[in-house]
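See below for the structure under consideration.
2 protein chains.
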Amino acid sequence: MSKAPHLTFDLDTPGLGRGHLVVPAGADCGELSLPVFSLNKGEGPRLLVTGGNHGNELEGPIVAWRIIKWLPEAQTCGRVIVLPVLNPLGVQAWSRNTPLDGLNLNRVFPGRADGSVTQRIADAVSRVLLPMADTVFDLHSFGPTWDFPPAATTHPIADPDLMARTVRMAEGFKLPLTLVWQHNDTAGMFDITAQHQGKVFVCTEFGGGTVGADSLAIYEAGVRNALIALGLVEGKAEYPTFRQQRSGQTLETRPSDELKSPAAGIFEPRRSVLDEVKQGDLIGILHSIDSLSAGSIDIRAPEASIVLAIASGAHVEVNKVVALIARPLK
Amino acid sequence: MSKAPHLTFDLDTPGLGRGHLVVPAGADCGELSLPVFSLNKGEGPRLLVTGGNHGNELEGPIVAWRIIKWLPEAQTCGRVIVLPVLNPLGVQAWSRNTPLDGLNLNRVFPGRADGSVTQRIADAVSRVLLPMADTVFDLHSFGPTWDFPPAATTHPIADPDLMARTVRMAEGFKLPLTLVWQHNDTAGMFDITAQHQGKVFVCTEFGGGTVGADSLAIYEAGVRNALIALGLVEGKAEYPTFRQQRSGQTLETRPSDELKSPAAGIFEPRRSVLDEVKQGDLIGILHSIDSLSAGSIDIRAPEASIVLAIASGAHVEVNKVVALIARPLK
Chain A
1 MSKAPHLTFD
11 LDTPGLGRGH
21 LVVPAGADCG
31 ELSLPVFSLN
41 KGEGPRLLVT
51 GGNHGNELEG
61 PIVAWRIIKW
71 LPEAQTCGRV
81 IVLPVLNPLG
91 VQAWSRNTPL
101 DGLNLNRVFP
111 GRADGSVTQR
121 IADAVSRVLL
131 PMADTVFDLH
141 SFGPTWDFPP
151 AATTHPIADP
161 DLMARTVRMA
171 EGFKLPLTLV
181 WQHNDTAGMF
191 DITAQHQGKV
201 FVCTEFGGGT
211 VGADSLAIYE
221 AGVRNALIAL
231 GLVEGKAEYP
241 TFRQQRSGQT
251 LETRPSDELK
261 SPAAGIFEPR
271 RSVLDEVKQG
281 DLIGILHSID
291 SLSAGSIDIR
301 APEASIVLAI
311 ASGAHVEVNK
321 VVALIARPLK
Chain B
1001 MSKAPHLTFD
1011 LDTPGLGRGH
1021 LVVPAGADCG
1031 ELSLPVFSLN
1041 KGEGPRLLVT
1051 GGNHGNELEG
1061 PIVAWRIIKW
1071 LPEAQTCGRV
1081 IVLPVLNPLG
1091 VQAWSRNTPL
1101 DGLNLNRVFP
1111 GRADGSVTQR
1121 IADAVSRVLL
1131 PMADTVFDLH
1141 SFGPTWDFPP
1151 AATTHPIADP
1161 DLMARTVRMA
1171 EGFKLPLTLV
1181 WQHNDTAGMF
1191 DITAQHQGKV
1201 FVCTEFGGGT
1211 VGADSLAIYE
1221 AGVRNALIAL
1231 GLVEGKAEYP
1241 TFRQQRSGQT
1251 LETRPSDELK
1261 SPAAGIFEPR
1271 RSVLDEVKQG
1281 DLIGILHSID
1291 SLSAGSIDIR
1301 APEASIVLAI
1311 ASGAHVEVNK
1321 VVALIARPLK
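Chains as they are written, first to last, in our numbering: chain A, 1 to 330; chain B, 1001 to 1330.
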């Protein structure tokens, strides 16, 4: 009989707690011990904050450690549980998926106790931590090869009341972008498991590209704003300054908003994220590396929209997504 | 007998020329044809511009294509040869080294006619193109996992006259940073081969991280400034705006200026490039992913200096370079 996933400390004890979430050993690897922080100040909102779901999105763990530093001084009520690194195997390999079993942790929820290591992590989180929270912030980012604005996101949710509460919570981060993201590959996401249990789940997308000091300050401010919005922390929520602006907007994007490379070549981005574009405006250029006279192909905006994400200049194959557009949420 | 490397068109014909530099086939792969642009306006400076030396530094090829677009209108004298992609095999694989033979093109100059493909590329450039130029700009960048300011760089050169002319040329880019970079791994660099022939060679380091539209405009302005400084193009050279500033400074850095990770963990950058720091100032933090109570390790400035480069937040092993510092050139 395999051991059940468990915590090494009691979260119901008042005050500060530190310990581990133990993910049992399996055929593929030994037991994992994931560091967990908890601060129990009695009655009030019950929040779970997770990071490092994808191993090449390190903004989440860093912001989680920053929050842990000042929460003991700042939190006035309720309970906050923080698990900075959900997938240490992915983080150590700087890999989106877990190298050991090739699985994407954010596609195997609610997990399996008798599965491979990625499925066992999901199972431990789903069974041990998720029941202890009413609200979940899973701290993602857009990855190292994209430019993306600091954002709090959700997928569309069938229950209109939960959808409204989720969008309101996401807007509480006061990041430059709140995004309703419609896409077709949502089976097994952490969001879905939490939402089936009626919980408010916000997935942040903390920008893209390198993880730098200026950006981290914006992301930390976003989580602090959300803690204030929940009533866990006192203070004044403020829009952080992103590229000389202090503002937020709520947008939606769909699968048809992906712009793809018309051929193989080097993609040259010509726009920045959150730029407003008119139909036909130049978004980027695709250059052939085989011939100067074969010329280059312009990639243009299919409609009036806002640039949501733009790929880094890089060599791409044909039919690869190089930009995403979005529009104001109706 | 192997075919010799050659051009498919005559660079001495006045006016615009487009064709290929042919790198002969070898045991490891067939013939390569590298697109080449040439604009011959008679007497004057003779410049060679190359990009894509390292396959994951795509700023160079993109800026090279941008220059090719407006040079026919702008160039008033002399000859400019542009080879946007030196290493198409590296570019297609988004790899610093050539996947086929594992070699770093910028460590095999002057190359070998009977060598592996990377050595044959170096040989073709050294024998066919280099003799046609007095000045070379090789457009590099610092790679996707670093923050780095837009810079024109050189290594120290033994000949004081060539050193002075090289630094002056690098300063002619009017980028935020001109850098004299002392390091010990220079054997086989393109610079060395060109400098042995008395040529002025500037290696740009066009920033780090994602390749975005705003940054590309700065790099393009830098090359335009350098063309004006050479007298190839008329116009007014101007410092481009980088992070709200328009200025340039000349710094030097040495091997002892590398700051390394004291343990394995996630590196959190706490400073941005070109920040001035005092001795003991916090540069970054290294976080253990195994334990919250093991705490974190501060990485501090060993002396008053300027932050030259800082690594992206990422999981690092022990003793990995996470930051570089520099100081004003004496």
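Ideal Cβ positions, reconstructed from N, Cα and C, are used throughout, including at glycine. In this text the structure is predicted, and so the values were computed from the model without any measurement.
Could you list which residues in chain B have their beta carbon closer than 7 angstroms to that of residue 92 (chain A), in chain order?
-> In the first sequence, the residue the question calls residue 92 (chain A) occupies position 92. Residues of chain B passing the Cβ test: 1315.
Which ranges does the alpha helix (DSSP H) cover as unbroken runs of at least 4 residues, wholly within the segment 45-82 of chain A, from first to last along the chain?
-> 59-74
Where the segment 1124-1152 of chain B meets chain A: residues whose CB sits under 8 angstroms from a CB there = 1144, 1145, 1146 and 1147
Using CA coordinates, which residue listed in A:288, A:78, A:303 and A:219 is at the minimum distance from residue 256 (chain A)?
-> The residue given as residue 256 (chain A) occupies position 256 in the first sequence. For the residues A:288, A:78, A:303 and A:219, the minimum Cα distance to residue 256 (chain A) belongs to A:303.
Who are the Cβ neighbours of residue 1 (chain A) in its own chain at under 6 angstroms, not counting the five residues just before and after it?
-> In the first sequence, counting from the first residue as 1, residue 1 (chain A) sits at position 1. Low per-residue confidence applies at residue 1 (chain A): pLDDT is 41, beneath 50, and the placement is therefore not dependable enough to give any value.
What are the start and end residues of the beta strand (DSSP E) that includes residue 326 (chain A)?
-> Counting from 1 along the first sequence, the entry for residue 326 (chain A) is found at position 326. First-last of the beta strand (DSSP E) with residue 326 (chain A): 321-328.
Give the single residue among B:1312, B:1005 and B:1319 whose Cα lies nearest to the Cα of residue 1120 (chain B).
-> The residue given as residue 1120 (chain B) occupies position 120 in the second sequence. The residue with the shortest Cα to Cα distance from residue 1120 (chain B) is B:1005.
Pull out every residue of the segment 1198-1225 of chain B whose Cβ sits closer than 8 angstroms to any Cβ of chain A, in chain order.
-> 1208, 1209, 1210, 1211, 1212, 1213, 1214 and 1216
Would you report the Cα separation of residue 1311 (chain B) and residue 1267 (chain B), rounded to the nearest angstrom?
-> Position 311 of the second sequence, counting from 1, holds the residue named residue 1311 (chain B). Position 267 of the second sequence, counting from 1, holds the residue named residue 1267 (chain B). Those two C-alpha atoms are separated by around 8 angstroms.
Residue 256 (chain A): contacting residues in chain B (beta-carbon distance under 8 angstroms) | To locate residue 256 (chain A), count along the first sequence from 1; it is residue 256. None at all; the shortest Cβ gap to chain B is about 24 angstroms.
What did DSSP end up calling residue 1018 (chain B) once you bin it into helix, strand or coil?
-> Here the question's residue 1018 (chain B) lines up with position 18 in the second sequence. Note: residue 1018 (chain B) maps to strand in three-state DSSP.
Using a Cβ cut-off of 7 angstroms (strictly closer), state whether residue 1006 (chain B) contacts chain A.
-> Residue mapping note: residue 1006 (chain B) aligns to position 6 of the second sequence, counting from 1. Taking Cβ atoms only, chain A never reaches closer than 7 angstroms to residue 1006 (chain B), which makes this a no.
Cβ neighbour criterion (16 or more within 10 Å) applied to residue 205 (chain A) = The count along the first sequence starts at 1 and reaches residue 205 (chain A) at position 205. Looking at its Cβ environment, which holds 16 or more other Cβ atoms inside 10 Å, residue 205 (chain A) is buried.
Rounded separation between residue 1272 (chain B) and residue 1282 (chain B) - CA only | Reading the second sequence from its first residue, position 272 is the one you call residue 1272 (chain B). Reading the second sequence from its first residue, position 282 is the one you call residue 1282 (chain B). Going by the C-alpha atoms only, they are around 11 angstroms apart.
Can you check whether the CB of residue 177 (chain A) is closer than 7 angstroms to the CB of residue 253 (chain A)?
-> Locating residue 253 (chain A) in the first sequence gives position 253, where the first residue counts as 1. Locating residue 177 (chain A) in the first sequence gives position 177, where the first residue counts as 1. Between residue 253 (chain A) and residue 177 (chain A), the gap from beta carbon to beta carbon reaches 7 angstroms or more.
Tell me whether residue 195 (chain A) sits in a helix, a strand or coil according to DSSP, three-state version.
-> As a working note, residue 195 (chain A) is residue 195 in the first sequence. Note: residue 195 (chain A) maps to helix in three-state DSSP.
Ranges of the alpha helix (DSSP H) found wholly within the segment 1090-1167 of chain B, counting only runs of at least 4 = 1117-1124
CA-to-CA distance, residue 157 (chain A) to residue 209 (chain A), given in whole angstroms | If you number the first sequence from 1, residue 209 (chain A) lands on position 209. If you number the first sequence from 1, residue 157 (chain A) lands on position 157. Each residue's Cα considered, the two are about 29 angstroms apart.
Go through its chain and collect everything with a Cβ distance to residue 64 (chain A)'s Cβ below 7 angstroms, but skip five positions before and after it.
-> As a working note, residue 64 (chain A) is residue 64 in the first sequence. So the qualifying residues of the chain are 49, 51, 82, 84 and 139.
Below-7 angstroms beta-carbon distance, residue 1293 (chain B) vs any chain A residue | One-based indexing of the second sequence puts residue 1293 (chain B) at position 293. Answer yes: the Cβ-Cβ gap between residue 1293 (chain B) and chain A drops below 7 angstroms somewhere.
First through last residue of the alpha helix (DSSP H) which encompasses residue 1224 (chain B) | Walking along the second sequence from the start, residue 1224 (chain B) turns up at place 224. Residue 1224 (chain B) -> alpha helix (DSSP H) spans 1213-1230.
Would you verify that the beta carbon of residue 1045 (chain B) is, or is not, closer than 7 angstroms to some beta carbon of chain A?
-> What you label residue 1045 (chain B) is simply residue 45 of the second sequence in a count that begins at 1. Closer than 7 angstroms: no.
Whose Cβ in chain A lies nearer than 7 angstroms to the Cβ of residue 1085 (chain B)?
-> Position 85 of the second sequence, counted from the first residue, corresponds to residue 1085 (chain B). The contacting residues are 289.
Identify the continuous beta strand (DSSP E) that holds residue 35 (chain A) and give its terminal residues.
-> For the purposes of this step, residue 35 (chain A) is taken as the residue at position 35 of the first sequence. Element bounds for residue 35 (chain A): 32-41.
Relative to the C-alpha of residue 261 (chain A), which residue among A:241, A:285, A:240 and A:270 is closest?
-> By one-based count along the first sequence, residue 261 (chain A) stands at place 261. Comparing Cα-Cα distances from residue 261 (chain A) to each of A:241, A:285, A:240 and A:270, the minimum goes to A:285.
My guess is that residue 1021 (chain B) and residue 1129 (chain B) are in contact by the Cβ rule of under 8 angstroms, so how many angstroms apart are they, rounded?
-> Translated into the one-based positions of the second sequence, residue 1021 (chain B) becomes position 21. Translated into the one-based positions of the second sequence, residue 1129 (chain B) becomes position 129. Taking the Cβ atoms as the reference, residue 1021 (chain B) lies roughly 7 angstroms from residue 1129 (chain B), within the contact range of under 8 angstroms.
Buried or exposed: which applies to residue 224 (chain A), given that a residue is buried once 16 or more other Cβ atoms fall within 10 Å of its Cβ?
-> Mapped onto the first sequence, residue 224 (chain A) falls at position 224. Buried, by the Cβ-count rule.
Quick one: what does DSSP say residue 1302 (chain B) is sitting in, helix, strand or coil?
-> As a position in the second sequence, residue 1302 (chain B) is number 302, starting the count at 1. DSSP places residue 1302 (chain B) in coil when its eight states are reduced to three.
Cβ of residue 1090 (chain B) within 7 angstroms of Cβ of residue 1055 (chain B)?
-> As a first step, residue 1090 (chain B) is located in the second sequence; it is residue number 90 there, counting from the start. As a first step, residue 1055 (chain B) is located in the second sequence; it is residue number 55 there, counting from the start. A contact, by the Cβ cut-off of 7 angstroms.
Taking the Cβ atom as the reference point for each residue, do residue 1108 (chain B) and residue 1093 (chain B) lie within a distance shorter than 7 angstroms?
-> Against the second sequence, residue 1108 (chain B) aligns to sequence position 108. Against the second sequence, residue 1093 (chain B) aligns to sequence position 93. Not a contact, by the Cβ cut-off of 7 angstroms.
Does any C-beta atom of chain B lie closer than 7 angstroms to the C-beta of residue 65 (chain A)?
-> To locate residue 65 (chain A), count along the first sequence from 1; it is residue 65. Nearest CB-CB separation between residue 65 (chain A) and chain B: below the 7 angstroms threshold.
Are the C-beta atoms of residue 31 (chain A) and some chain B residue less than 7 angstroms apart?
-> Position 31 of the first sequence, counted from the first residue, corresponds to residue 31 (chain A). Taking Cβ atoms only, chain B never reaches closer than 7 angstroms to residue 31 (chain A), which makes this a no.
Short check: CB of residue 410 (chain A) to CB of residue 194 (chain A), under 7 angstroms?
-> There is no way to answer for residue 410 (chain A), as the model of chain A reaches only from 1 to 330.
When DSSP labels each residue in this structure, what does residue 190 (chain A) get in the three-state scheme?
-> Here residue 190 (chain A) corresponds to residue number 190 of the first sequence, with the count starting at 1. Three-state DSSP puts residue 190 (chain A) in a helix.
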